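Each remark here refers to the structure printed beneath this line.
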Amino acid sequence: MILTATFLSAFAGAALILLLPERQAPLARWIALLTALTGLGFASAAFVGYDNTPAAPHFQYLTRIPWVPSLGISFSTGADGISLVMLVLTGIIAVTGVLFSWNVSHRSRAFFAFYLTIIGGVYGVFQSFDLFLLFVFYEIVIVPKYFLIAAWGSTNRQYGAMKLTMYSVAGSALVLLALIATYAASGAHSFDLFTLADPAKVHFAPAFQAWAFPVMFIGFAVLAGMWPLHTWAPTGHVAAPTAVSMLLAGVVMKLGSYSALRVAMTLFPQGLEQWRMVIAVLATAGIVFGALVALAQKDLKFTVGYSSIAHMGFVLLGLMTLNLAGLGGSVLQMFSHGIIGGLLFAVVGRMIYDRTHTRDIAELGRMNLTKALPFAALTFTIASVASMGLPGFSGFIAEFTILSGSWKAFPWLLIPAGVGVVITVAFTLRALQQVFFPSGEPSADVHPFDPITFPEKLGALMLIAATLFIGLFPSVLLDPILRSFHSPLMQKLLVEVPK
Amino acid sequence: MTSDYLLLSIFLAIAVVFPLVPLAMAWTFARLLSPAKPGKDKQSSYECGIESTGPAQVQFQSHYYLYALVFLIFDVETVFLMPFAAAFLKLPISAFFALMVFVLLLVEGLVWAWAKGILAWK
Amino acid sequence: MTNILFSLAPESILTITALLVLGLGVSVPNSRSLITSAALLGGLIAAAAILLFPMDANLLHGMVVINPLARIFKLVILGLSLVSVVFASESFPKNHFAESLALILFSTIGMMVLVGTEDLLMIFLALELTSIPLYILAAFDKESSGSAEAGLKYFLIGSVSSAFLLYGLSLIYGVTGSTNLLTISQLSGSPDSLLIAGIVLTLAGFGFKIAAVPFQIWAPDVYAGAPTAAAALIASGSKVAGIFILARILTTGLGHWAGAAGWGQFEPGWAPVLALMAAASIVLGNVTALVQSNVKRLLAYSAIAHGGYLLLGLCSANRESLTAVLFYVVIYALTTAGAFGVVAIVEKQRGGSRLEDFDGLSKSSPVLALCLLVFFISLAGIPPLAGFFGKFYLFTSALANGQHLWLVIVAIAMNAVSLYYYLIVLKHAFVLPAPDDIRPANAPASKILVAALALAVLALGLAPDLLLKPISVAGKTPPHIATSTVPPNDQ
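Chains as they are written, first to last, in my numbering: chain A, 3 to 501; chain B, 671 to 792; chain C, 619 to 1109.
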């Protein structure tokens, strides 16, 4: 029930906001904030209340209500360590997203209603153990994204919104195809993940897995920004308003990687074996290309957008390593990049762009932002440093574990991955330096910008605190994550790689 | 088999020839014997001896179409009534009521057409 | 005799209602509300008759067949026609208003007879009774050349297809010696050329009704030109009746000659024909809708595409997929009726139904815009709405014997494409700013009905068993849609 409350509160909040009369529109953001805090509260309570002792069951908070018995569809939710980490991430991003959208006044009711619908859908995906239910929540997220970007976005928003939505729908279509084929091929007359992934109950022929796995994985991976199906992400993220960019980079891309891990990889282990190398190469390509293209960007938000692709490449690489280090690191990276990516987009979008109305790096460099917006400079520095993977922040632990896992699985891929890390440092430093610490004389006249408001500071502090805390105490998250890989469902992913 | 169709083919031939012969004769006589002397009174259209006034092309009244439509419906109704009438004595009383329903439906149609002014000439 | 009267009670009540409406139209032509109320009251009494007199009857050698499935569909069709009546009462031209309602009711009677029969002759008769009032309704707006074009095209193409259908049915009768579907089904063996010709012609006739490629040419012009309430009835009611009776003919009557439509494993029969028609409809409908600028025409191409999805379900012809088809056609009819209702209100308010006329709808009528969102997202197959579950069930059941994977792939791909054009309309409604001068639309009953339909679509998406269970249970009691061996009983 506590898990269901996360998305129920989000949808209820959205409905409540829609019912507000126009005069009360400023109330919308308060309702959104309260709803987001409620969701975060429930998710944190579930996380804290999760029994981590070795004897406890792996999947807790289970709920199962039959929904459409004739098709074997049930409303089946629950959580293990992985789910809870993602749920907490969603809660944090939801709250900070609202804080960074505090200044949205144009049609704010519709904005927050769509926003909360996405949050509800994301909560739902992370806790679903019925494939149909997971797909329902997965799809609920798609349409509000379009409206948020098309109506409240900035550069090229119509094109960006449509491209993002059509890519998402195309990915979902692949997933739907694989899902239906799985149901038909299983003969189990059920959509329950535990049943379908149990080799004792359901057997999928290797020939079937050979095509079902890539179709399903790629379908999910489109949303995760896998190279070369990633081109929607930079355009869409840049076009989106700040909170939506935070949501997109923070949690929505993680929907793809989480579902790939939870569903595609567990259902089709033999298919995974066949396609593992291909996907690992594509993931590494994403790291390198994402970083290289980010290096060449002149728009600050595009730089951050492409850095998301690079970081998600790490996630996918970690998933393919199929050992505890890589898989655990991958989930941790999902959390870490969610926080850091959210922070980066928040700074670039809300703190900088809303005030300067430009994202061009060269132009920003001339504005002497270190003096005009010192808090923004500080936050961006911290965010960059975290994004580069500096020890002390969560990114370091995550990337390190992924790389060590990948050393065991694909030693030769470490070279391009390592190059990618270096280039990531390069473009991040470049962006940081050229915007905030440009060489040459700073212009004497400092354009007075609106000071950083309290909600922005609060949001930034929350995100920095999260990444710092996990950077210093990673076991808080890593323990539940690693433990969940010992459950029968996830354990079969692990492969002992012969030395 | 040949004899069946032989008669028919002869008949067909005569049927074709029979009207064509007077036509051919008329054409020949007109060509050879009667002079062509057209005149104003000779070429004018005949209208029972009265002088024709106005243009020859009169607009067709589309209202005729509505009458034809309503007529057609009642004509088909009559066609349905005829076998009923022929077998009237042998049918049970329920058949009478069934047909009365049919006739009454059409009568309602007539009442509707009447009330809508379709039967009045415009 | 009384048995027949009882079993045809709903249709008789509707006939009396229609005649009453005509009478009212002649005596008090100016009180639209009285005429509308009479029509609605009659419809509700007919619905009550269906609900209160449950029966299982098979009369006159299958000419009148009442079973639970037929009763459910009669109720659905009645509901859709009452929806059209309400829309018509607020948007139809003023002249001859009572006649338009009477025509809607006559067409409904035809549809109801159509779902309650298993005899070829009655099928044709009912089909004509359904179609001819719709032809007239399509041409009802005397001041619009589009309406005249719609009516004429619908009539001409419809008459030609009726001729094809009649020829096909008579060939089937000629070969099998009976007009009763159950008797036809008892003739087995490989079909001879005459029967093949008959089946193909029948499919051509019904393909027109469902607006499937290549018999879809009438649909865009008719949907766009006809008065919107008439288009609503054509899109919803006539589609439901057409699919139902096509399913019945193909499975009850011609089940032996189904053939198979797997990729590379085509077996001769009507299933591969349907599969090709389905693939063509899905592709053509969705691709052509991408470039439309008039919302009604867009809905027409969407109707063509949905006809394709329904035919996909029919090719499989197992019990699951037939239930899915029947479920989905009801969902689709509700959604389209609602969508046309929104279009009718917008037309009244803005004077047209092009994309630009929807600009800023979310600001001028937020509830209407939300309903539009619900309907279009349901048509695109996005959860948690009914359209998603309908499509999901349809595709899942079509894959049950693994044969039609290629068709399902085409369908899923085109379904993803379809979101684009639905989003374009919604973009105009939600994202683009409204023009400054907007008169309020005075259509309270239509708005309430549209909202109710949107709620129904949402409710059926969250709890599909509300509709799915009755259909699937009704489909199991003999005589049902699959071939049955229960002999018809004379009255």
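Ideal Cβ positions, reconstructed from N, Cα and C, are used throughout, including at glycine.
All values reported here derive from a predicted model rather than from experimental measurement.
Straight-line Cα distance separating residue j from residue i
i	j	result
Ile483/A	Glu141/A	26 Å
Glu24/A	Ala17/A	14 Å
Phe724/C	Ile963/C	25 Å
Leu36/A	Ala47/A	16 Å
Val749/B	Leu659/C	36 Å
Asp674/C	Leu693/C	16 Å
Leu916/C	Leu745/C	26 Å
Leu2/A	Ile472/A	Since the displayed chain A opens at 3 and closes at 501, residue 2/A lies outside it and no answer follows.
Ser486/A	Ile84/A	7 Å
Pro708/B	Gln729/B	29 Å
Thr455/A	Val985/C	35 Å
Tyr791/C	Gly776/C	22 Å
Thr954/C	Leu198/A	36 Å
Leu64/A	Ile631/C	54 Å
Ile1027/C	Thr801/C	37 Å
Pro1051/C	Ile19/A	21 Å
Asp132/A	Ser854/C	33 Å
In DSSP terms, what residue i is bridged to
i	result
Ile144/A	Beta-bridge pairing links Ile144/A to no other residue.
Arg66/A	Ser78/A
Glu885/C	Ala878/C
Val421/A	Bridge partners of Val421/A: none, in fact.
Ser130/A	Thr79/A
Leu677/C	Val682/C
Arg972/C	Asn912/C
Burial state of residue i, where buried means 16 or more other Cβ atoms lie within 10 Å
i	result
Arg701/B	exposed
Met695/B	exposed
Gly391/A	buried
Met770/B	exposed
Val773/B	exposed
Trp888/C	buried
Tyr735/B	exposed
Ile867/C	buried
Glu736/C	buried
Leu932/C	buried
Ala683/B	exposed
Asn621/C	exposed
Chain A contact residues for residue i, given Cβ-Cβ distances below 9 Å
i	result
Asn1033/C	Val171, Ala175, Leu178
Lys1045/C	Tyr148, Phe149, Ala152, Ala153, Gln160, Ala163, Met164
Partner residues on chain B for residue i, Cβ-Cβ distance less than 8 Å
i	result
Leu637/C	Leu775, Glu778
Contact list for residue i against chain B, beta-carbon separation under 7 Å
i	result
Leu640/C	Trp782
Listed by chain order, chain C residues near residue i by CB distance under 8 Å
i	result
Lys786/B	Val644
Glu141/A	Ile1000, Pro1001, Phe1006
Ser46/A	Within chain C, no residue comes near Ser46/A; the closest Cβ sits about 27 Å away, beyond 8 Å.
beta-carbon residue i near the ligand FAD non-hydrogen atom, thresh 7 Å
i	result
Gly925/C	Because no ligand of any kind appears in the structure shown, any question about the ligand FAD cannot be addressed here.
Residue i: contacting residues in chain C (beta-carbon distance under 7 Å)
i	result
Tyr148/A	Leu1041
8 Å Cβ cut-off: residues of chain A touching residue i
i	result
Ala1111/C	Residue numbering for chain C in the displayed model covers 619 to 1109; residue 1111/C lies beyond these limits and cannot be assessed.
Val905/C	Near Val905/C there are no residues of chain A at all, since even the closest Cβ is about 14 Å away, more than 8 Å.
Pro1082/C	Val70
Thr1014/C	Leu73, Ile182, Tyr185, Ala186
Neighbouring residues, chain A, relative to residue i (Cβ below 7 Å)
i	result
Pro1088/C	Correct list: empty, because the minimum Cβ distance to chain A is about 12 Å.
Chain C residues whose Cβ lies nearer than 9 Å to that of residue i
i	result
Met168/A	Ala1034, Val1035, Leu1037, Tyr1038, Leu1041
Val145/A	Leu991, Ile995, Ala998, Ile1000, Leu1037, Leu1041, Leu1044
Gly67/A	Strictly speaking, residue 67/A in this sequence is Ile, with Gly absent from that position. Within 9 Å Cβ-Cβ: nothing; Ile67/A doesn't reach chain C, min ~12 Å.
Ile19/A	Near Ile19/A there are no residues of chain C at all, since even the closest Cβ is about 12 Å away, more than 9 Å.
Examine the Cβ distances between the region 718-725 of chain B and the region 761-768 of chain B and report whether three or more of them are shorter than 8 Å. With a cut-off of 8 Å, the region 761-768 of chain B and the region 718-725 of chain B do not count as touching, because too few Cβ pairs lie within range.
Is the region 87-99 of chain A touching the region 321-338 of chain A, taking contact as three or more C-beta pairs under 8 Å? As far as the Cβ criterion goes, the region 87-99 of chain A touches the region 321-338 of chain A, which means the pair count is three or higher.
Would you check if there are 3 or more beta carbon pairs closer than 8 Å linking the region 821-832 of chain C to the region 882-901 of chain C? The region 821-832 of chain C vs the region 882-901 of chain C: in contact.
Given 8 Å, three or more beta-carbon pairs between the region 125-133 of chain A and the region 230-247 of chain A: No: fewer than three Cβ pairs fall under 8 Å.
How about the region 313-321 of chain A and the region 281-294 of chain A: do they share at least three Cβ pairs that are nearer than 8 Å? Two segments are said to touch when three or more pairs of C-beta atoms, one from each, lie closer than 8 Å; by this definition the region 313-321 of chain A touches the region 281-294 of chain A.
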